Amino acid sequence: MKTAVATDTNSGLNKEECIKLGIYLLPMPFSISEKDFLEGVNLSSRDFFAAMEAGEDIRTSQPSPGQLCDFWDEILKENDNLVYIPMSSGLSGTYETAWMLADGDKYKSRVYVVDNKRISVTQYASVLEAKRLADNGTDPIAITQILEKEASDSVIYLTVETLKYLKKGGRITPAAAALGTLLKIKPVLTIQGDKLDAFAKVRTMKQAKNVMLNALEKDLAERFSDVNIEKTDIYIAHANEYDAAVKFRDEVYEFFSIKPENMDIKIQELSLSICTHVGPGTLALAAAKRHQI
Numbered sequence: 692m693k694t695a696v697a698t699d700t701n702s703g704l705n706k707e708e709c710i711k712l713g714i715y716l717l718p719m720p721f722s723i724s725e726k727d728f729l730e731g732v733n734l735s736s737r738d739f740f741a742a743m744e745a746g747e748d749i750r751t752s753q754p755s756p757g758q759l760c761d762f763w764d765e766i767l768k769e770n771d772n773l774v775y776i777p778m779s780s781g782l783s784g785t786y787e788t789a790w791m792l793a794d795g796d797k798y799k800s801r802v803y804v805v806d807n808k809r810i811s812v813t814q815y816a817s818v819l820e821a822k823r824l825a826d827n828g829t830d831p832i833a834i835t836q837i838l839e840k841e842a843s844d845s846v847i848y849l850t851v852e853t854l855k856y857l858k859k860g861g862r863i864t865p866a867a868a869a870l871g872t873l874l875k876i877k878p879v880l881t882i883q884g885d886k887l888d889a890f891a892k893v894r895t896m897k898q899a900k901n902v903m904l905n906a907l908e909k910d911l912a913e914r915f916s917d918v919n920i921e922k923t924d925i926y927i928a929h930a931n932e933y934d935a936a937v938k939f940r941d942e943v944y945e946f947f948s949i950k951p952e953n954m955d956i957k958i959q960e961l962s963l964s965i966c967t968h969v970g971p972g973t974l975a976l977a978a979a980k981r982h983q984i
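For the sequence shown, the residue numbers in the working numbering are 692 to 984.
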């Protein structure tokens, strides 16, 4: 039995990476000033941030059932079954649509949709885990069960450059945004499972980084039981802020006394679906515990 692994661009994966890894990728739709785009097809991150800086109206969307079926049909021409990993069910209706389609007669026992409670870099980690399991001969039912059971073994902490986009997306009220801007408050947010939640309030980027580092240190000790970071992958993610991400990675190496040659802390762009709500300049620290085969 040949099991394929597929995801969408909410994972932060791009077409070139997926070709190299043998993973199938569905581009997510966006609307910019009422024009339709597909991430990674006719919408690059450069175009996205240019539109954002220009103040254009950007809205996230989800693939239609027809687009999803066409995507699966192409994959199943060359594979016996498919493990599909969309973004968290708590952050989008994408999972529910996919699950309903997979439960129909056409795809039952061939397409397995994972409710992994993740997005962006932690979703990326899940996709790599699924591919590793599939290549190791694990059947699709077991892969789905493993990913869903271990969904909470991940975390993203992030801090924004401006409150403008949290206000625009309705994450905070205009009054709170105005007061926060006046007082120069920089929030630290967290994504653990289904929601983007407030975690802490600070005033400087240095303080925000320290909060994220200390929070991850606590997670490694208490949630992941991996103080020595032997079973956990760490990621730095950013929204159009690569140089700052490189600097932050160096600080993570120093904080945890890690030698770069002993651990590759990957730098990735935050998925555009998150960037829509947090804006450019956002920095994130993320971690995902690996399944032990």
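Where is the CB? At the ideal position from N, CA and C, for every residue including glycine. Keep in mind that this is a model prediction, so the values were computed, not measured.
Histidine 982 (DSSP reduced to helix, strand or coil): coil
Exposure label - serine 771; buried when at least 16 CB within 10 Å: The question names serine, but residue 771 is aspartate in the sequence shown. Label assigned to aspartate 771: exposed.
Same chain, Cβ closer than 8 Å to leucine 717, neighbours up to 5 away in sequence not counted: Ala697, Thr698, Asp699, Thr700, Pro754, Gln758, Leu759 and Phe762
Beta-carbon gap between valine 818 and serine 702 smaller than 8 Å: yes
Same chain, Cβ closer than 6 Å to leucine 849, neighbours up to 5 away in sequence not counted: Leu880, Thr973 and Ala975
Residue span of the alpha helix (DSSP H) that contains leucine 849, given as start and end: Looking at the DSSP string, leucine 849 is not in any alpha helix (DSSP H); the run it does join, the beta strand (DSSP E), is 845-850.
Member of Pro971, Tyr803 and His982 whose CA lies at the smallest distance from the CA of alanine 742: Pro971
C-alpha gap between aspartate 955 and valine 943, whole angstroms: 11 Å
For isoleucine 847, the nearest candidate out of Lys900, Ala789 and Cys709 (CA to CA): Lys900
In chain order, each beta strand (DSSP E) run of at least 3 residues that lies wholly inside the segment 914-977: 923-929 and 957-960
Per DSSP, the bridge partner or partners of alanine 889: Leu880
Member of Ser845, Pro951 and Arg940 whose CA lies at the smallest distance from the CA of leucine 809: The sequence shown places arginine at residue 809, not leucine. Nearest C-alpha to arginine 809: Ser845.
Contact belief for alanine 977 with valine 812 at Cβ below 8 Å, rounded distance in angstroms: 5 Å
Pick from Gly781, Leu904 and Gln814 that is closest to leucine 838, judged by C-alpha positions: Gln814
Integer Cβ distance of leucine 887 from phenylalanine 739, believed to fall under 8 Å: With a Cβ gap of about 19 Å, leucine 887 and phenylalanine 739 do not count as contacting.
Boundaries (first-last residue) of the beta strand (DSSP E) holding threonine 751: 749-751
Under the three-state DSSP convention, the category valine 732 falls into: coil
Local conformation of valine 812 per DSSP, three classes: helix
Per-residue DSSP class, three states only, for threonine 700: helix
Simplified DSSP assignment, three categories, for lysine 693: coil
DSSP-derived helix/strand/coil call for proline 720: strand
Minimum C-alpha distance to aspartate 748 - residue among Gln898, Phe728, Tyr775 and Lys909: Phe728
Residues that DSSP places opposite isoleucine 776 in a beta bridge: Thr698
Assigned secondary structure, aspartate 764 (DSSP; H/G/I helix, E/B strand, else coil): helix
Tyrosine 798, enclosing alpha helix (DSSP H) - first and last residue: Taken as a continuous stretch (DSSP letters only), tyrosine 798 belongs to no alpha helix (DSSP H), as it is neither H nor E.
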